[in-house]
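Sequential numbering of the sequence shown, starting at 45, is according to this note's numbering.
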Amino acid sequence: MAKTKELSKDTRNKIVDLHQAGKTESAIGKQLGVKKSTVGAIIRKWKTYKTTDNLPPSGAPRKISPHGVKMITRTPVHVRARLKLAREHLDDPEEDWENVIWSDETKIELFGKNLTCRVWRRKNAELHPKNTIPTVKHGGGNIMLWGCFSAKGPGRLIRVKERMNGAMYREILSKNLLPSARALKMKRGWVFQHDNDPKHTARATKEWLRKKHFKVLEWPSQSPDLNPVENLWRELKICVAQRQPQNIIALEEICMEEWAKLPAT
Numbered sequence: 045m046a047k048t049k050e051l052s053k054d055t056r057n058k059i060v061d062l063h064q065a066g067k068t069e070s071a072i073g074k075q076l077g078v079k080k081s082t083v084g085a086i087i088r089k090w091k092t093y094k095t096t097d098n099l100p101p102s103g104a105p106r107k108i109s110p111h112g113v114k115m116i117t118r119t120p121v122h123v124r125a126r127l128k129l130a131r132e133h134l135d136d137p138e139e140d141w142e143n144v145i146w147s148d149e150t151k152i153e154l155f156g157k158n159l160t161c162r163v164w165r166r167k168n169a170e171l172h173p174k175n176t177i178p179t180v181k182h183g184g185g186n187i188m189l190w191g192c193f194s195a196k197g198p199g200r201l202i203r204v205k206e207r208m209n210g211a212m213y214r215e216i217l218s219k220n221l222l223p224s225a226r227a228l229k230m231k232r233g234w235v236f237q238h239d240n241d242p243k244h245t246a247r248a249t250k251e252w253l254r255k256k257h258f259k260v261l262e263w264p265s266q267s268p269d270l271n272p273v274e275n276l277w278r279e280l281k282i283c284v285a286q287r288q289p290q291n292i293i294a295l296e297e298i299c300m301e302e303w304a305k306l307p308a309t
């Protein structure tokens, strides 16, 4: 079924204005080219909530975006790969996991932390300004970050200023992976983890890792939930949002400062 086109804020306000002027729902619909049922719904919303804005959806919010729902579809092959990883490492001692460097990329928004926010409020006060999150129409933005960490603490965090490709990814690893391992005082034979992004699994990247003698943890596809770095990204985004950076430069600086404060596990 095709998705219904959302009415503009201006059109919704016009519907209310015409209603207050005494026009019927049918007359308003004909004048503005809007279905009578839609006109009625907007008028009822205005009478109940005194607003024509979109109301928050009921129920628990999704953990991932609609795009993510489409992307994270696991086939039997994916399921078997996840089970294989679990069985192979089921009896691994804790010190083995302490010798893993986990890595990932993430995007951090300038205004908003991409997280669910909850507030205590009185009944029917969901639209009070203090209980809502303002949106930014202009002047927002985001930055892309690559980072790594181990049980001993965070490794390096860098901003990716251009669209990342395989060559750029290998350059990031070249400049940051081994220095991170040294700073974290990883033991001999430490293991590197990254997911199955095409840049990570490209033949040139695999060959580069082989020549550098880096041991790589075999990782199942479609498994972002298995990477503990996701917990670290969440913590970072919360800390950054609390400091309310006002521009991209400040956002990057605050990300670096808060990353350095993250404790070891």
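Heads up, the beta-carbon is just placed ideally off N, CA and C, and yes, glycines get one too.
Spatially closest choice to residue i from the options, by CA coordinates
i, options, result
"P223", "G199, R56, L276, M188", "G199"
"A285", "A211, K250, I152", "I152"
"D54", "A225, L261, A130, L76", "L76"
"A246", "R126, K229, H63, G210", "G210"
"T249", "L270, W277, Y213", "Y213"
"N240", "N271, I298, E215", "N271"
"I298", "R131, D269, H63, I187", "I187"
"H238", "R232, P289, R88, V144", "V144"
The alpha helix (DSSP H) enclosing residue i, as first and last residue numbers
i, result
"D61", "53 to 64"
"T82", "80 to 93"
"A225", "210 to 227"
"T68", "First-last for T68: undefined, no H or E at that position."
"L280", "273 to 287"
"E364", "The first residue shown for the chain is 45 and the last is 309, placing residue 364 beyond what the model contains."
"K320", "With the chain running from 45 to 309 in the structure shown, residue 320 is simply not present."
"E251", "247 to 255"
Beta-carbon proximity of residue i to residue j, cut-off 8 Å
i, j, result
"K243", "M208", "yes"
"L189", "V204", "yes"
"W234", "F193", "no"
"D148", "V273", "yes"
"A227", "E142", "no"
"F236", "K259", "yes"
"L306", "E279", "yes"
Cβ shell of residue i (< 7 Å), same chain only, five flanking positions each side left out
i, result
"V180", "No answer about V180 holds up, because its pLDDT of 47 lies below 50 and its placement is not dependable."
"V83", "I59, E69, I72, G73"
"G183", "Interpretation of G183 is limited by its pLDDT of 49, a score under 50 that renders its predicted location unreliable; no figure is taken from the coordinates."
"L253", "V260"
"P289", "L154, L295, I298"
"E251", "none"
Bridge-paired residues (DSSP) for residue i
i, result
"F236", "I145, V260"
"R203", "L189"
"T150", "L189"
"P198", "F193"
Contacting residues, own chain, Cβ-Cβ under 6 Å from residue i (five flanking each side not counted)
i, result
"G197", "A308"
"A304", "none"
"G185", "L154, I292"
"W277", "T150"
"L140", "The sequence as given places Asp at residue 140; Leu does not occur at that position. Here the set comprises nothing."
"G191", "L201"
"L62", "I72"
"K89", "none"
Element boundaries [beta strand (DSSP E), containing residue i]
i, result
"N186", "186 to 194"
Same chain, Cβ closer than 8 Å to residue i, neighbours up to 5 away in sequence not counted
i, result
"M300", "L201"
"I86", "L51, R56, I59, V60, T96"
"K79", "G73"
"A130", "none"
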